[in-house]
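A.B. asks: So the sequence shown is numbered by my numbering: it starts at 21 and just counts up by one.
All C-beta atoms in this analysis are idealised placements derived from N, C-alpha and C, irrespective of residue type, glycine included.
The model shown is predicted, which means the values in this text are computed figures rather than measured ones.
Here it is: the structure, laid out below.
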Amino acid sequence: MYITRTLEKFLGKATGQFPVMLVIGPRQVGKTTLLQHLSKKGRSYVTLDDPTLATLAKEEPVLFLQRFKPPILIDEIQYAPELLPYIKIHVDRDRRPGSFWLTGSQQFQLMQGVSESLAGRVGIVNLLGLSTKELQAQPKFATPFLPTRTQLQKRLNPSLLLSLQDAYRIIWRGSYPAMWLPEPGAGWGDGDSGDGEGGGYGDGRKPIKSNGMDHNLFYSSYVQTYLQRDVRNLANVGDEGSFLKFLRAAAARTGQLLNMSDMARDAAISVPTAKRWLSVLEASGIVYLLEPYHTNTTKRLIKAPKLYFLDTGLCAYLTEWSSPETLEAGAMSGAILETFVFIEILKSYWHNGQRAPLYYYRDKDKKEVDLLILRDQTFYPLEFKKTASPTKDDTRHFKVLEQLPNPIGEGGVICFAETLLPLAKNISAIPVGLV
Numbered sequence: 021m022y023i024t025r026t027l028e029k030f031l032g033k034a035t036g037q038f039p040v041m042l043v044i045g046p047r048q049v050g051k052t053t054l055l056q057h058l059s060k061k062g063r064s065y066v067t068l069d070d071p072t073l074a075t076l077a078k079e080e081p082v083l084f085l086q087r088f089k090p091p092i093l094i095d096e097i098q099y100a101p102e103l104l105p106y107i108k109i110h111v112d113r114d115r116r117p118g119s120f121w122l123t124g125s126q127q128f129q130l131m132q133g134v135s136e137s138l139a140g141r142v143g144i145v146n147l148l149g150l151s152t153k154e155l156q157a158q159p160k161f162a163t164p165f166l167p168t169r170t171q172l173q174k175r176l177n178p179s180l181l182l183s184l185q186d187a188y189r190i191i192w193r194g195s196y197p198a199m200w201l202p203e204p205g206a207g208w209g210d211g212d213s214g215d216g217e218g219g220g221y222g223d224g225r226k227p228i229k230s231n232g233m234d235h236n237l238f239y240s241s242y243v244q245t246y247l248q249r250d251v252r253n254l255a256n257v258g259d260e261g262s263f264l265k266f267l268r269a270a271a272a273r274t275g276q277l278l279n280m281s282d283m284a285r286d287a288a289i290s291v292p293t294a295k296r297w298l299s300v301l302e303a304s305g306i307v308y309l310l311e312p313y314h315t316n317t318t319k320r321l322i323k324a325p326k327l328y329f330l331d332t333g334l335c336a337y338l339t340e341w342s343s344p345e346t347l348e349a350g351a352m353s354g355a356i357l358e359t360f361v362f363i364e365i366l367k368s369y370w371h372n373g374q375r376a377p378l379y380y381y382r383d384k385d386k387k388e389v390d391l392l393i394l395r396d397q398t399f400y401p402l403e404f405k406k407t408a409s410p411t412k413d414d415t416r417h418f419k420v421l422e423q424l425p426n427p428i429g430e431g432g433v434i435c436f437a438e439t440l441l442p443l444a445k446n447i448s449a450i451p452v453g454l455v
């Protein structure tokens, strides 16, 4: 079974321009499945997850490329970075577009080799887990998000709106395709979710149904594989137990300002070790650090990044929420909703092959704006609220943005309002499902 991905359209254009295409992202988000789906006859496939093939690629790269000739899809290229200079030699002789498709799961280590060997020859795109629009079989609506009335009206479709229960079920299960793909023989949306979903909402919407994949079994296996594969490759972690504590400490702080000392204390490790381990989480696509917007002329702005887990299902598993209902009613309810909405916006840019121009604002007076989208030198401010009835007061801190050098465009409060509503001039209440 296959779920149509938003990135397909951009990949189709980009592969006609570059001899090498690299898709990077965390494990299990569907990189290989996407590229195999787009592959035409004649493109061979090889995975460097196979130790024998990885050894051949590292020790005999010329022989490897003689045996596996382009057009080719090479999976997990980070296991043989020695291959990259030889790919460069090949494409310099024959710059045929789309000769090499590569995937990689460890960004920092991999990107260093790519920038040194394939600069100007490679198109690089990021892939995360399934977006809500992809789950709803509406990838065409997943354009780069801006809170303008024009764009929001285009997205306004009753079938895309989410109830509170539906949103937290998606949040709890996460975005890995394995948690949503229908079982063989079941139509899309016809599988038993295992979560107790009922029928439609009575207003034309249908709940997004997941499959019967056991939540704890999937994520416990994912974490164990992650610890054994990526962590050992990226860092010399002698104590996996301490690293798991650090991973849980990070999950508990999703949507919060990064405080390295607190995280180090919770995992009983030193601050330098915590910094090194955080870079491992970033490199393997587990967390994203959202930088604040600041300039040299605004000295009173906070300069620490905010930490977001890139999959809310993994975050919920690590923080031990046993069901969507307990998660929605629990202490992390607001933070994980913010994480979900932020990652949906991030996906809307990355899955269209664009850089995500995203920041947050916070000053030393604790005036904060959850998200700033900087597009064409204009700021579009957003707040995230777990409410169905937002007020103008929820956007009171938007006024502090007037001190920044850029003009302020339309903004809004992303919430559980049932439809798109104006709150003030250029400010809207935006249903979660429109993101």
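Any idea what DSSP makes of G214, helix, strand or coil?
C.D. replies: In this predicted model, G214 has a pLDDT of only 41, less than 50, meaning its place in the structure is not dependable; the value taken from the coordinates is given anyway. Reduced to three states, the DSSP call for G214 is coil.
A.B. asks: Residue range of the beta strand (DSSP E) that I44 falls in?
C.D. replies: V40 to I44
A.B. asks: One question on the structure: do V389 and R382 come within less than 9 Å of each other, judged by their Cβ atoms?
C.D. replies: yes
A.B. asks: Which one or two residues does DSSP pair with W121 in a beta bridge?
C.D. replies: M41 and L93
A.B. asks: Please report the Cβ distance between K326 and L277, rounded to the nearest whole angstrom; I am assuming they are in contact, meaning their Cβ atoms lie under 8 Å.
C.D. replies: 6 Å
A.B. asks: Spell out the partners DSSP gives F404 in its beta bridges.
C.D. replies: I434
A.B. asks: If you measure between the beta carbons of V17 and T152, is that distance less than 9 Å?
C.D. replies: Residue 17 cannot be examined here, being either before or after the span of the chain that is shown, 21 to 455.
A.B. asks: Would you mind reading off the limits of the alpha helix (DSSP H) that contains L441?
C.D. replies: L441 -> not in any alpha helix (DSSP H); beta strand (DSSP E) instead, spanning L441 to A444.
A.B. asks: Just the C-alpha distance for G232 and T339, rounded to the nearest angstrom, thanks.
C.D. replies: 22 Å
A.B. asks: For G36, which three-state DSSP category applies?
C.D. replies: coil
A.B. asks: Can you list, in chain order, the residues of its chain with a C-beta nearer than 8 Å to that of A198? Leave out the 5 residues immediately preceding and following it.
C.D. replies: Q48, M233 and F238
A.B. asks: What residue from V257, D282 and G258 has the CA that sits closest to A269's CA?
C.D. replies: D282
A.B. asks: Helix, strand or coil for Y65 per DSSP?
C.D. replies: DSSP, reduced to helix, strand and coil, places Y65 within a strand of the structure shown.
A.B. asks: Confirm, please, whether the CB-CB distance from W341 to W192 is below 9 Å.
C.D. replies: Taking 9 Å as the Cβ cut-off, W192 and W341 qualify as a contacting pair.
A.B. asks: Tell me N146's beta-bridge partners as DSSP assigns them.
C.D. replies: DSSP lists I44 as partners of N146.
A.B. asks: With DSSP as the reference, please indicate the residues paired to T398 in a beta bridge.
C.D. replies: In the DSSP output, where bridge partners are listed per residue, T398 has R395.
A.B. asks: Below 8 Å on the Cβ atoms is my contact criterion, and I expect L76 with T67 to pass it. Report the Cβ-Cβ distance as a whole number of Å.
C.D. replies: Rounded, the Cβ-Cβ distance is 12 Å, inconsistent with contact.
A.B. asks: Of the choices L180, V243, A444 and Q248, whose alpha-carbon is the least far from that of A271?
C.D. replies: Of the candidates L180, V243, A444 and Q248, the one whose C-alpha sits nearest the C-alpha of A271 is V243.
A.B. asks: In angstroms, rounded to a whole number, what distance separates the CA positions of S290 and G453?
C.D. replies: S290 and G453: Cα-Cα distance of roughly 41 Å.
A.B. asks: Going by Cα to Cα distance, which pick from R115, W370 and K387 is closest to L421?
C.D. replies: K387
A.B. asks: Taking 9 Å as the cut-off, decide whether the C-beta atoms of P159 and E430 are in contact.
C.D. replies: no
A.B. asks: By how many angstroms is the C-alpha of H371 removed from the C-alpha of L330?
C.D. replies: Within the model, the alpha-carbon separation for L330 versus H371 is close to 14 Å.
A.B. asks: What's the gap between the Cα of I109 and the Cα of E364?
C.D. replies: Going from the Cα of I109 to the Cα of E364 covers about 38 Å.
A.B. asks: Return the CA-CA distance between H57 and P425, expressed in angstroms with no decimal places.
C.D. replies: Going by the C-alpha atoms only, they are around 45 Å apart.
A.B. asks: Relative to the C-alpha of Q37, which residue among T24, S119 and E403 is closest?
C.D. replies: Measuring C-alpha to C-alpha distances from Q37 to each of T24, S119 and E403 identifies S119 as the nearest.
A.B. asks: Under the DSSP definition of a beta bridge, which residues are partnered with A449?
C.D. replies: V433 and L441
A.B. asks: Starting from the Cα of G194, find the closest Cα among A34, P344, L267 and V142 and give me that residue.
C.D. replies: With distances taken between Cα atoms, G194 lies closest to P344.
A.B. asks: Based on Cα-Cα distance, which residue from P401, H417 and L148 lies nearest to F360?
C.D. replies: L148
A.B. asks: Could you tell me which of T53, P105 and F362 sits nearest to P164, measuring between CA atoms?
C.D. replies: F362
A.B. asks: Grouping DSSP H, G and I as helix and E and B as strand, with all else coil, what is D390?
C.D. replies: strand
A.B. asks: Please state whether the Cβ-Cβ distance between L85 and Y106 is less than 9 Å.
C.D. replies: yes
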